[in-house]
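Step one of this worksheet: look at the structure below.
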Amino acid sequence: MSTSILWLRRDLRLHDHPALAAAHADGGEVMPVFVLDPDLLARAGEVRTAALVEVLRATDESYDGHLVLQEGDPAEVLRRLAKKVGATRVHISRETEPWGAERDERVREALAQDDVELVETGTPYVLGPGTVLNGSGNPYKVFTPFAKAWRDHDHPKPCPVPDDLRLTRGGVDSVDPPHVEAPVELPPLGEEAAMQRWADFLDEDVAGYDDGRDQPALDSTSRMSVHLKWGVVHPRTLLADLAPRRGKGVHTYVTELAWREFYGDVLHHNPHSATRDLTDSLAGLRYDDLDDETFSAWAEGRTGYPFVDAGMRQLLEQGWMHNRLRMVTASFLTKDLHCWWPRGAAWFMDHLVDGDVASNQHGWQWVAGTGTDASPYFRVFNPVTQGERFDPKGDYVRRWVPELAHIPGKAVHQPWSHDEGYDHDYPKRLVDHAEERKEALDRLEQTR
DNA sequence: GAGTCTTTATA
DNA sequence: ATAAAGACT
């Protein structure tokens, strides 16, 4: 019987997996493989590597113990495996990030030397990046019209697991996964945990999502990001589960999925935006080269602005930060401290379990004003009013900034007005927000 | 080609 | 109210 290889990467699941179905459709056995590529691991960093190891363990369970774990350059590993089991086709989901897409081209050429074909089926997105175009046949640059077109587009149905699927290890032993001490408290990972959380979200949180998602103290967001990052769930599955439901919360959640699709599309059309400004609209902008002490004060949650510090501390402890705080903390680094966004984006990528190039880099650029946006000019988040609006009781701040636990209610967002003398452990404000806002606007003015 | 829109802030 | 500009239909 023939064997086809399924090379898994950002699609670590069994369900709703078109590339798996394509491998099965070759007619023989399917050998699922994951390659621990030293280049990949070097880029992933400790937090994401720790999560990956756990996801791989769970994936092996999903595949009934058939996941073959190998280490090395994927081109060499896959050539060797294909030769060993006599495979003529290696199946993948198409990678749409620049680094992965280049790697896949190298692997395609290497396999071709042995007449082995690299077959792409599906992507990590509901609609493959590049498929949504505006009325003039061009990619969208603005979210709202993209989201409308994306919603109106036909959405593919989930792909069932083949019922006569035959898996094989091809007589190959797995290597041991890297031993990484997780530097954060990892959430439950793997397909089963993801679907359990998703079911709970549908039961408990999605109805109130429109309001609840913006209040970090409620912790009622879906927490699907880490699973979407590794493809443990596919957004197509989520969309299909939401389809029969109505309501504002459902609509807003679908919009959040649309943001992910939008940024995937933008990266596909603009690979350079993973590392540099997407547009040159702020090309002449003056930035500050922050010394390590100032950068650390931001990174470790010691800016003296409680809402900002709470977000940064949540990131360090959980490897995750609520999206409202991602915007607020990014605004603080770029607008209050005048730092170029890639430095902050890199810190996020190093510390987030869900770190996704397209969403992270473009989220940062949205805040910084270099990305996709119609109105960057006056977008400077106020850390105090953001806190008072989205953490009205102050519970989120008190949870993550224990030095302020003694300040009741929303007064916690301005400890400097609450405390006579202000002489507890909590740091003084690093900068004056009103002054730095003005400074940021002045610098932006100079680029026009 | 005009009207609409924009995960916001301050007065 | 008003701050500005460009993408989109």
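1 is the number of the first residue of the first sequence in UniProt numbering; add one for each residue after it.
Backbone N, C-alpha and C fix where the C-beta goes; we use that ideal spot for every residue, glycine too.
Note that this is a predicted model, so its numbers are computed, not measured.
{"Query": "C-alpha distance - D152 paired with V132, whole-angstrom precision", "Result": "10 Å"}
{"Query": "G381 versus V30, L325 and S281, residue with shortest Cα-Cα distance", "Result": "Note that residue 381 is Phe in the sequence shown here, rather than Gly. Closest option to F381, Cα to Cα, is L325."}
{"Query": "Cα-Cα separation between A358 and A299, rounded to whole angstroms", "Result": "21 Å"}
{"Query": "Distance between beta carbons of F307 and H413, contact taken as under 8 Å", "Result": "6 Å"}
{"Query": "Exposure of A101, with buried meaning 16 or more beta-carbon neighbours within 10 Å", "Result": "exposed"}
{"Query": "Touch test, the region 6–19 against the region 28–40, Cβ-Cβ under 8 Å, three pairs minimum", "Result": "yes"}
{"Query": "First through last residue of the alpha helix (DSSP H) which encompasses F307", "Result": "P306 to Q318"}
{"Query": "Unbroken alpha helix (DSSP H) run spanning S4, endpoints", "Result": "Run containing S4: none in the alpha helix (DSSP H); it sits in the beta strand (DSSP E), T3 to L8."}
{"Query": "8 Å CB neighbourhood of V175 in its chain, flanking five on each side removed", "Result": "L36, L69, Q70 and E71"}
{"Query": "L250 classed as buried or exposed, judged by whether at least 16 other C-beta atoms fall within 10 angstroms", "Result": "A small correction: the amino acid at residue 250 is Val; Leu does not occupy that position in the sequence shown. Under this definition V250 is a buried residue."}
{"Query": "Selected residue, minimal CA-CA separation from F143, among V431, C159, F378 and D373", "Result": "D373"}
{"Query": "T334 burial status per 10 Å Cβ neighbour count (16 or more: buried)", "Result": "buried"}
{"Query": "Whole alpha helix (DSSP H) elements within the region 241–279, 4-residue minimum", "Result": "248–269"}
{"Query": "Pick from V90, N138 and D277 that is closest to V119, judged by C-alpha positions", "Result": "V90"}
{"Query": "Cβ-Cβ distance between L238 and R260 below 8 Å", "Result": "no"}
{"Query": "Residue nearest to H351 in terms of C-alpha spacing, selected from V184, K438 and Y396", "Result": "V184"}
{"Query": "Identity of the residue in V397, R389, A368 and G311 nearest L444 by Cα", "Result": "A368"}
{"Query": "Best match in E435, E61, Q318 and Q314 for proximity to L167 [C-alpha to C-alpha]", "Result": "E61"}
{"Query": "Span of the alpha helix (DSSP H), counted from its first residue to its last, around L118", "Result": "Premise fails: L118 lies in the beta strand (DSSP E), E117 to E120, not in any alpha helix (DSSP H)."}
{"Query": "Cut-off 6 Å between Cβ atoms - residues of its own chain near G45, not counting five sequence neighbours on either side", "Result": "D350"}
{"Query": "Any alpha helix (DSSP H) of 4 or more consecutive residues that is wholly inside the region 373–435", "Result": "383–390, 395–400 and 415–418"}
{"Query": "Reference W366, options V47, G319, R398 and Y263, closest by Cα", "Result": "Y263"}
{"Query": "Where M321 sits in the DSSP three-state scheme", "Result": "coil"}
{"Query": "C-beta contact flag for H24 and P162 at 8 Å", "Result": "yes"}
{"Query": "Cross-strand partners of P32 (DSSP beta bridge)", "Result": "L6"}
{"Query": "Cβ neighbours of M327 in the same chain (closer than 7 Å, five flanking residues each side left out)", "Result": "V367 and F381"}
{"Query": "Contiguous alpha helix (DSSP H) assignments of at least 4 residues, all confined to the region 153–209", "Result": "191–200"}
{"Query": "Which of helix, strand or coil DSSP assigns to R89", "Result": "strand"}
{"Query": "Terminal residues of the alpha helix (DSSP H) in which L56 lies", "Result": "P38 to S62"}
{"Query": "Minimum C-alpha distance to G284 - residue among A240, W340 and E256", "Result": "W340"}
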